[in-house]
Amino acid sequence: MFLLTSLVACLILAVVMPFLGRRVLERRIVFVDLALAQFAATGYAIGLATDTSGPLWAGGITVLAVFAFAALPYASKLPKEAVMGAMYAVAAAAGMVILTQLPHAEGHMSDLMFGSLLGASWFDLMVLAGLGVLAVVALRFAGDDSYSQRVMFYLALALAVVPAIHAVGIVLVFGMLLLPALAAWRGYQNGPVWLALIVSILGAVLGVFAAEYLDLPPSSSVVLALFLCGLPVFVWNVRKYA
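Be aware that the sequence shown starts at 1, since it is given in the numbering used here, and climbs by one per residue.
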């Protein structure tokens, strides 16, 4: 049962995240997903500290971050990566301060970083899949550099990231978002989405089974499998399209 739910969770992310990751690379805003993920994690930490709904806090704080990030145009003279990296550092520090005040702080920190993939329920997976589909649909309305469409783009990321943090943790969300899309990158533009999907699905399957049969941490195992599956594709693309 644990193997099946872990595999389904990773396959859902493997299908959804490459679509989002391609847009992130296209806009050269790699830190945005990590920053949104960390804001979501800080929301979960507030929920733990106050004994209230972690997902509700995570969603609310992430939506505020979405509106803040959308105020920065893609063509802004400000270094976007630096701004988002700074916001990530602030959110991470705030989350750490909150978690250190709780009993079993190290366990909570580990859960936020690496998730509880083995403990994902079927309800968690339905939420993950439903919001993932909404995120991919929302991308269709996030084409230009207007404020409303920047909000839509960051909201699409948030829809996928917030439930994924709860299920698999920050590390796997970040890896699933970027590694397949980066592997498929060709020269100065995105490669075909099917190539990123092959890398992500293959990495998800191999990583989950490696974790099961080699007794490895599931999220870390999947990230390493994504890297190993994507590396030859990335090298081939660099040699052919550089």
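Just so it is clear, CB atoms sit at the ideal spot from N, CA and C, and this is done for glycine as well.
Treat the numbers as computed from the prediction; the structure is a model and nothing was measured.
Within 8 Å, strictly: CB atoms of residue i and residue j
i	j	result
alanine 37	valine 193	no
alanine 158	valine 90	no
methionine 176	leucine 226	yes
methionine 152	alanine 135	no
methionine 84	valine 32	yes
alanine 35	tyrosine 88	yes
alanine 9	alanine 160	no
threonine 42	leucine 125	no
glutamine 243	alanine 142	Shown here, the chain extends from 1 to 242; a query on residue 243 therefore has no answer.
leucine 48	leucine 7	no
glutamate 81	isoleucine 29	yes
asparagine 190	arginine 27	no
valine 205	glycine 230	no
tyrosine 147	phenylalanine 69	no
glycine 59	valine 162	yes
phenylalanine 39	alanine 71	no
Cβ separation of residue i and residue j, assumed to be a contact under 8 Å, to the nearest whole Å
i	j	result
valine 208	leucine 25	Actually they are not in contact, since the Cβ atoms of valine 208 and leucine 25 sit about 25 Å apart, beyond 8 Å.
alanine 196	alanine 210	Not quite, the Cβ-Cβ distance comes to about 21 Å (not below 8 Å), so this is no contact.
isoleucine 170	leucine 11	No, isoleucine 170 and leucine 11 are not in contact; Cβ-Cβ is about 19 Å, not under 8 Å.
alanine 45	leucine 99	5 Å
proline 18	proline 180	5 Å
Environment of residue i [buried if 16+ CB atoms lie within 10 Å]
i	result
glycine 203	buried
tryptophan 185	buried
valine 233	buried
tryptophan 57	buried
alanine 86	exposed
valine 238	exposed
serine 76	exposed
tyrosine 241	exposed
leucine 131	buried
glycine 95	buried
valine 16	buried
alanine 92	buried
valine 222	buried
leucine 214	exposed
is_contact[residue i, chain B] using C-beta, thresh 8 Å
i	result
methionine 126	Going by chain labels, chain B is absent from the structure shown, which holds only one protein chain.
Which ranges would you report for the alpha helix (DSSP H) in the stretch 140–191 if only whole runs of at least 4 residues count? 147–184
Alpha helix (DSSP H) runs wholly inside the stretch 5–86, at least 4 long, in chain order: 31–50, 54–70
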